[in-house]
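Colleague:
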Amino acid sequence: MTEVTDEENSAGQAADASGRGVVAAFGQTMKTLRVRAGLEREELGRRIGYSASTVASFEQGRRIPSPRTIDKADEALGAEGLLTVWKEQVERAQYPVFFQGMAKLEKEAVELLAYDTHVLNGLLQTEEYMRAVLDLRRPVLDQEIIEQRVTARLARQDILHGGSAPLLSFVLEEAALRHPWGGEAVHRGQLEQLLLIGERRNVEIQVMPTDRRYNAGVDGAFTVITRKDGMRFVYVEAQGTSVLQTEPEQTTLAAARYGIIRSQALPSGESLDFLERLLGSL
Numbered sequence: 001m002t003e004v005t006d007e008e009n010s011a012g013q014a015a016d017a018s019g020r021g022v023v024a025a026f027g028q029t030m031k032t033l034r035v036r037a038g039l040e041r042e043e044l045g046r047r048i049g050y051s052a053s054t055v056a057s058f059e060q061g062r063r064i065p066s067p068r069t070i071d072k073a074d075e076a077l078g079a080e081g082l083l084t085v086w087k088e089q090v091e092r093a094q095y096p097v098f099f100q101g102m103a104k105l106e107k108e109a110v111e112l113l114a115y116d117t118h119v120l121n122g123l124l125q126t127e128e129y130m131r132a133v134l135d136l137r138r139p140v141l142d143q144e145i146i147e148q149r150v151t152a153r154l155a156r157q158d159i160l161h162g163g164s165a166p167l168l169s170f171v172l173e174e175a176a177l178r179h180p181w182g183g184e185a186v187h188r189g190q191l192e193q194l195l196l197i198g199e200r201r202n203v204e205i206q207v208m209p210t211d212r213r214y215n216a217g218v219d220g221a222f223t224v225i226t227r228k229d230g231m232r233f234v235y236v237e238a239q240g241t242s243v244l245q246t247e248p249e250q251t252t253l254a255a256a257r258y259g260i261i262r263s264q265a266l267p268s269g270e271s272l273d274f275l276e277r278l279l280g281s282l
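The sequence shown runs 1 to 282 under our numbering.
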């Protein structure tokens, strides 16, 4: 089991600061290479598909570029790998330290089973919903950190698409669906997105009604991930700490528990009907 304990979590801010340092160092390298190539920000931006102000944000470490953007910048600047060598470190720096292991596993998953009780899973969130819940964090997050985490969550949602997308199952507590994080407009947009995602062939969304007498999810939210090599993991997160379990007995029990929760929730078709009724009531 890999666990971010309270003691380790006390170093979390330092780790996040280290991540910001990586992003800043990458940005400085990018600027140095751009100046060496004799390009203005406008010209580099044109070559990689961004505005001059976004290029400035990359160079100043205020925005994290995607791996594809790093590849394009490396080619545009003739850097011969001096930028692409940063890709793994920069990508990891997008996430808070307690989530970095899980972010890597999501990319390797063939199946992901998520039970969410309070806030919707990041893979399902709209950009507006993300900003709303991040803005409510206490202690308050810096605006740069909020932007960084929004970008990272949006990038995670790539696993919803494509021919090699994993099988995804979400059981959502009714309370999480009814909470209007960010206000009515954000709430409405989020429900509309859930209905769209629920139509995907590799995704099943189920609702656990609040009035259900039997619910095996009494211990709270968790996610079960199965990797391409067949290894299974269980991820649990709360209050800025996380646990990533790897013991076969625990992961098998968690998968079985998820199966029970799933059987107790509304079937997927009835769940989508529930979401439509909830949306219509707003």
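We treat Cβ as the ideally placed atom computed from N, Cα and C, and that holds for glycine.
Starting from S169, follow its DSSP beta bridges and name the residues at the other end.
Modeller: Answer by DSSP bridge pairing, in chain order: L113 and E204.
Colleague: Taking just the CA atoms, how far does V133 sit from A11?
Modeller: Legend: pLDDT at A11 = 37, less than 50; position of this residue unreliable, value from coordinates given subsequently. Cα to Cα, the separation comes out at about 24 Å.
Colleague: Just to check my reading of the structure: W127 and V150 have Cβ atoms closer than 8 Å, yes? What is that Cβ distance to the nearest angstrom?
Modeller: Here residue 127 is Glu; the residue named in the question, Trp, does not match the sequence. The pair is a contact, with the Cβ atoms about 6 Å apart (cut-off 8 Å).
Colleague: What do you get for T226, buried or exposed, if any count of 16 or more other CB atoms within 10 angstroms of its CB means buried?
Modeller: Per the 10 Å Cβ criterion, buried.
Colleague: Contact between the stretch 30 to 40 and the stretch 69 to 89 is defined here as three or more beta-carbon pairs at a separation below 8 Å; is this criterion met?
Modeller: Segments in contact, yes.
Colleague: For V207, tell me which candidate among Q28, F170 and S51 has the shortest Cα-Cα distance.
Modeller: With distances taken between Cα atoms, V207 lies closest to F170.
Colleague: My parser needs the alpha helix (DSSP H) runs of 4 or more residues fully inside the stretch 230 to 278; what are they?
Modeller: Entirely contained in the stretch 230 to 278, the alpha helix (DSSP H) runs reaching 4 residues are, in chain order, 248 to 264.
Colleague: Helix, strand or coil for I225 per DSSP?
Modeller: Here I225 sits in strand by DSSP.
Colleague: Can you grab the Cα-Cα spacing for the pair L279 / E192, in whole Å?
Modeller: The straight-line gap from Cα to Cα measures roughly 7 Å.
Colleague: Does the beta-carbon of T69 have 16 or more other beta-carbons within 10 angstroms, so that it is buried, or is it exposed?
Modeller: When all chains shown are included, T69 counts as buried.
Colleague: Going straight from the alpha carbon of F325 to that of T251, what length do you get?
Modeller: In the structure displayed, the chain extends from 1 to 282; residue 325 sits before or after that span and is not available.
Colleague: Could you check the C-alpha separation between A52 and R46 for me, to the nearest Å?
Modeller: Whole-angstrom Cα-Cα distance: 8 Å.
Colleague: Skipping 5 residues on each side, what residues in its chain have a beta carbon closer than 6 Å to that of E204?
Modeller: Correct list, in chain order: S169 and S268.
Colleague: Run through the stretch 52 to 140 for me and flag every whole alpha helix (DSSP H) of 4 or more residues, listed as ranges in chain order.
Modeller: If we require 4 residues or more, the alpha helix (DSSP H) runs fully inside the stretch 52 to 140 come out as 52 to 59, 67 to 76, 87 to 92, 100 to 108 and 127 to 135.
Colleague: Quick one: grab the DSSP three-state call for L282.
Modeller: It is coil, neither helix nor strand.
Colleague: Work out the CA separation of D135 and L160 for me, nearest whole Å.
Modeller: Answer to the nearest angstrom: the Cα atoms are 25 Å apart.
Colleague: Please confirm whether E106 has its beta-carbon closer than 8 Å to some beta-carbon of chain B.
Modeller: You won't find chain B in this structure, because it holds only one protein chain.
Colleague: Does the beta-carbon of E59 have 16 or more other beta-carbons within 10 angstroms, so that it is buried, or is it exposed?
Modeller: E59 comes out buried.
Colleague: Whole angstroms is fine: what's the gap from Y214's alpha carbon to E147's?
Modeller: When rounded, the distance between both Cα atoms is 40 Å.
Colleague: Where does the unbroken alpha helix (DSSP H) through T210 begin, and where does it stop?
Modeller: No alpha helix (DSSP H) contains T210, which DSSP labels as neither H nor E.
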